[in-house]
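Written below as C-alpha cells is the structure these notes are about.
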Amino acid sequence: MDLIVARNREDLVKARRAGPVALVPTMGALHEGHRSLIRQARVRADQVVVSIFVNPLQFGPNEDFSRYPRTFDADLDVCRAEGVDVVFHPSVEDMYAPDRQIGISSGEMGRIVEGAFRPGHFDGMLTVVLKLFNLVQPDLAVFGQKDAQQLSLIRRMVADLNLPIEVLGAPTVREPDGLALSSRNRYLSEDERLVALALSRALRAGAAEFAPDAIRRAARAVLDEAGPRLDVDYLALVDPATFAEVGEDFQGMAVLAVAARVGATRLIDNVTLTLSPA
Ligand code: AMP
Numbered sequence: 000m001d002l003i004v005a006r007n008r009e010d011l012v013k014a015r016r017a018g019p020v021a022l023v024p025t026m027g028a029l030h031e032g033h034r035s036l037i038r039q040a041r042v043r044a045d046q047v048v049v050s051i052f053v054n055p056l057q058f059g060p061n062e063d064f065s066r067y068p069r070t071f072d073a074d075l076d077v078c079r080a081e082g083v084d085v086v087f088h089p090s091v092e093d094m095y096a097p098d099r100q101i102g103i104s105s106g107e108m109g110r111i112v113e114g115a116f117r118p119g120h121f122d123g124m125l126t127v128v129l130k131l132f133n134l135v136q137p138d139l140a141v142f143g144q145k146d147a148q149q150l151s152l153i154r155r156m157v158a159d160l161n162l163p164i165e166v167l168g169a170p171t172v173r174e175p176d177g178l179a180l181s182s183r184n185r186y187l188s189e190d191e192r193l194v195a196l197a198l199s200r201a202l203r204a205g206a207a208e209f210a211p212d213a214i215r216r217a218a219r220a221v222l223d224e225a226g227p228r229l230d231v232d233y234l235a236l237v238d239p240a241t242f243a244e245v246g247e248d249f250q251g252m253a254v255l256a257v258a259a260r261v262g263a264t265r266l267i268d269n270v271t272l273t274l275s276p277a
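Pasting the structure below:
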C-alpha cells in the first residue's frame, strides 16, 4: 500500500480502514526514537497514522519554533520504510482558527518540573494532542518515555476526560554513548555534544543508588562535574503519577528527570527507577 499524506479531516476519513488504528504524534525530524514508536504501533494496529506537526502553541516566545528542524521529505522516506499507512500533516492555519477560544489546561501537574521552566508548554501540548485524537480518532496512541512528564499528562488527560484511547509508552532510544535521541541533537556542535553526555551519565549515577537523597546527590555530582557549559534547569526525582518530588520513604516507580541547556540547545532526559524499602 502506498503511503497516504492527509492534510485535513476529510483526507483522514477517506484513508480510514476498518480495524484498530494507532496514532504516533510527532513534530517531524524523525529519528530512531520515532521509528521505535512506529514499530510499537505497527504491532498493535491494522493502520498506523503518524502525525507531523510543529505545534506553535507549545513553544514559548523565546523558544525555537521558527528554527525547529523541518525535514518533511526525509520524514516521508522514514514513514515509507517503516510501513506507515497515513502521514497526517496539517497546516498551522488548518489546526488553529484565528478566533479560537478553547484549550486544555494541564493543571498543577503541568506547572511543575518541566512546566515551571516552560509556562504554557503543557497546555499547548495537551490541546494539540486532544485535537489530533479527535481528528484521527485512533484506538491507541504511542508516546515516548523520553518526554516523561508529557506521557504522564496525556495519561491524566485520557483518564480525566474519559477519552476512549489506549495510551502506550515506549522506552527511550539512545545513542551508543548514552545520549537520548532528540530532533534537537542536530543543533549540537561536536564539543557541545560531549558536554551533553553529562545528562545521561548523571541519570546512570543516580540509578546506581537506592534511596532518594543518595540518588539526587549522585546525579547532581555528575552534573556539577560537567562545569559551567552545562546550564542545569532542574534535576528532579518524582512520582510519575503526579510529578511531585518523592520523599525519602517513597516506594515504587519513580522518575529521575533532568533538563539542561548546552549552548543554545535545551535538552531533557530521564530514567525510571524502582524504589524499595531499605
Ligand atoms: P517529538 O517529535 O520530539 O515531539 O516526539 C514525538 C514522540 O517521539 C514523543 O512521544 C516523544 O516522546 C517520542 N520520542 C522522542 N525522542 C525519543 C527517543 N529518544 N526515544 C523514544 N521516543 C522518543
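The sequence shown lines up with residues 0 to 277 when you count with numbering that gives the first Met the number 0.
Each residue gets a CB set at the ideal place from its N, CA and C atoms; glycine is no exception.
When you compare the stretch 126-141 with the stretch 12-30, are there three or more beta-carbon pairs, one atom per stretch, that lie closer than 8 Å? yes
Beta-carbon proximity check, ASP122 vs GLY143, cutoff 8 Å: In this structure, GLY143 does not lie closer than 8 Å to ASP122 by Cβ.
Between GLY143 and the ligand AMP, is there a pair consisting of the residue's CB and a ligand heavy atom that are separated by less than 7 Å? GLY143 has its CB nearer than 7 Å to a heavy atom of the ligand AMP.
Span of the alpha helix (DSSP H) holding GLU113? 113-116
Restricting to Cα atoms, I'd like to know which of HIS120, GLU191, GLN250 and LEU178 is closest to PRO60. HIS120
To which residues does DSSP link SER50 through a beta bridge? PRO24 and PHE87
Can you list, in chain order, the residues of its chain whose CB lies under 7 Å from that of ASP176, leaving out five sequence neighbours each side? Cβ neighbours of ASP176 beyond the five flanking positions: LEU196.
Going by DSSP in three states, ASP138 sits in which element: helix, strand or coil? ASP138: coil per DSSP, three-state reduction.
DSSP state of ASN269 mapped onto helix, strand, coil: strand
Can you tell me whether DSSP reads ASP230 as helix, strand or coil? strand
Are the stretch 236-255 and the stretch 172-188 touching by the rule of at least three beta carbon pairs closer than 8 Å? no
Spatial neighbours of LEU131 in its chain, beta-carbon cut-off 7 Å, leaving aside the 5 residues before and after: The residues are LEU22, PRO24 and SER50.
When you compare only the Cα positions, how much space is there between GLY262 and ARG183? Per the coordinates, the alpha-carbon of GLY262 lies some 12 Å from the alpha-carbon of ARG183.
Nearest neighbour of VAL75, chosen from VAL85, TYR67 and ARG66 [CA to CA]: Per the sequence presented here, residue 75 reads as Leu, with Val not at that position. Residue VAL85 is the option with its Cα nearest to LEU75.
Out of VAL157, THR241, THR171 and ARG110, which one is the CA nearest neighbour of ASN269? THR171
Tell me whether the stretch 97-111 and the stretch 65-72 touch, counting them as touching only if at least three CB pairs, one residue from each stretch, are closer than 8 Å. No, the stretch 97-111 does not touch the stretch 65-72.
Is PRO24 near the ligand AMP - that is, is its Cβ less than 7 Å away from at least one heavy atom of it? yes
Is it right to say PRO118 is buried, meaning 16 or more other beta carbons lie within 10 angstroms of its own, or is it exposed? exposed
Inter-residue CB distance, THR126 and LEU202 (contact presumed, cutoff 8 Å): Rounded to the nearest angstrom, the Cβ distance from THR126 to LEU202 is 30 Å, too far for a contact under 8 Å.
Name the one or two DSSP bridge partners that ILE3 has. VAL85
Tell me which same chain residues have a C-beta within less than 8 Å of the C-beta of ALA147, skipping the five on either side of it? The residues are PRO239, VAL254, ALA256, ASN269 and THR271.
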